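So for the sequence shown, my numbering puts the first residue at 1221; every next one is plus one.
Here the structure comes first, spelled out in structure tokens, and everything after it is commentary.
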Amino acid sequence: MQSALHPFRVVAPDLADALRETQSAQIVDLCAGGAGPWARLLPELDRALRGPQPQILLTDLFPNLTAFEKMSLDNPGRVAFVRDPVDATRVEIPGFRTIFNAFHHLDEPQARGVLQDAVRQGAGIGIFELADRSAAFLLGSITIPLQVWLTTPFIQPRAPTRLALTYGLPVVPLVAWIDGMISGLRTYSTDELRALVQSLDGSDAGYTWKIGRKPYLGPLCVTYLIGTPPSARSKRRALSRPADAVESKPSAASEPNPETPRS
1221 MQSALHPFRV VAPDLADALR ETQSAQIVDL CAGGAGPWAR LLPELDRALR
1271 GPQPQILLTD LFPNLTAFEK MSLDNPGRVA FVRDPVDATR VEIPGFRTIF
1321 NAFHHLDEPQ ARGVLQDAVR QGAGIGIFEL ADRSAAFLLG SITIPLQVWL
1371 TTPFIQPRAP TRLALTYGLP VVPLVAWIDG MISGLRTYST DELRALVQSL
1421 DGSDAGYTWK IGRKPYLGPL CVTYLIGTPP SARSKRRALS RPADAVESKP
1471 SAASEPNPET PRS
């Protein structure tokens, strides 16, 4: 049940490893939208790190300042935010970059631009997506309206308009279901993520790329891409730690479902 409520917990150890490798004291969360998954992910990440705790910096091209301020107030000293727009393809802020559940909104030139900017600046980057084009996800999206109906009473403040559009005229559940379906169809597959990486200028410059899928609930998986610069491996060697192998292809167990072509 915990994995269902907080699926990104399965990649917390991978993110922690990348932060240790890059010795990053700050996570720059790009395309953070409604403040990302940090309310639940931050404690999991701290447990996985077992060491210095990074600051989270929320950014977006169209910042949701209300959500950002609330997350910052709920996590004083740990979560901050940038009030001005931040373009994920031109980031001038130091730190390990993350994108949760937003990479599928980018077309291929934009997605390539996000990765290219990280390589150009020698920054670590992690992309994490819940949606995918597997039959399991697309069929499971049918339950999205039910999830909306069950969770809406716990959303504060309880706006009368939201309640009316959820339980009276069910516009909100319908829109959420359509959005979930479209997100699944637009999400990059692991093969497409590899192709993006291989198309980068300087793709052979020594970055370590880990691309795969991790199950969080039955056949449902988190798709991830994690890139660390060559300087991170130099730091590991200096500490007499063995370098990680490039995870060029996830095991069959981590890709349980075939994926339909990306729309």
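Glycine included, each C-beta is placed from N, C-alpha and C at the ideal position.
Just so it is clear, the structure is predicted and the values come from calculations on it, not from any experiment.
{"Check": "With 16 as the cutoff for other CB atoms within 10 Å, does residue 1381 come out buried or exposed?", "Outcome": "exposed"}
{"Check": "Given a cut-off of 9 Å, decide if residue 1264 and residue 1324 are closer than it, judged by their beta-carbon atoms.", "Outcome": "no"}
{"Check": "Since I believe residue 1339 is in contact with residue 1422 (beta carbons under 8 Å), could you give me their beta-carbon distance rounded to a whole number of angstroms?", "Outcome": "6 Å"}
{"Check": "For residue 1235, which residues of its own chain have a beta-carbon under 7 Å away from its beta-carbon, when the five flanking residues on both sides are left out?", "Outcome": "1265, 1346"}
{"Check": "Pick out whichever of 1309, 1238, 1317, 1319 has its Cα sitting closest to the Cα of residue 1334.", "Outcome": "1309"}
{"Check": "Please name the residue, chosen from 1229, 1283, 1367, 1287, that lies closest to residue 1187 on a Cα-to-Cα basis.", "Outcome": "Shown here, the chain extends from 1221 to 1483; a query on residue 1187 therefore has no answer."}
{"Check": "Beta-carbon separation of residue 1245 and residue 1278 under 9 Å?", "Outcome": "no"}
{"Check": "Taking the alpha carbon of residue 1448 as the reference point, which residue from 1435, 1344, 1412 has its own alpha carbon closest?", "Outcome": "1344"}
{"Check": "Cα-Cα, which of 1443, 1383, 1417 is closest to residue 1409?", "Outcome": "1443"}
{"Check": "Quick one: Cα of residue 1393 to Cα of residue 1451, how far?", "Outcome": "46 Å"}
{"Check": "Would you decide whether residue 1256 is buried or exposed? Buried here means 16 or more other CB atoms lie within 10 Å of its CB.", "Outcome": "buried"}
{"Check": "Between the Cα of residue 1429 and the Cα atoms of 1436, 1326, 1445, 1435, which residue gives the shortest distance?", "Outcome": "1445"}
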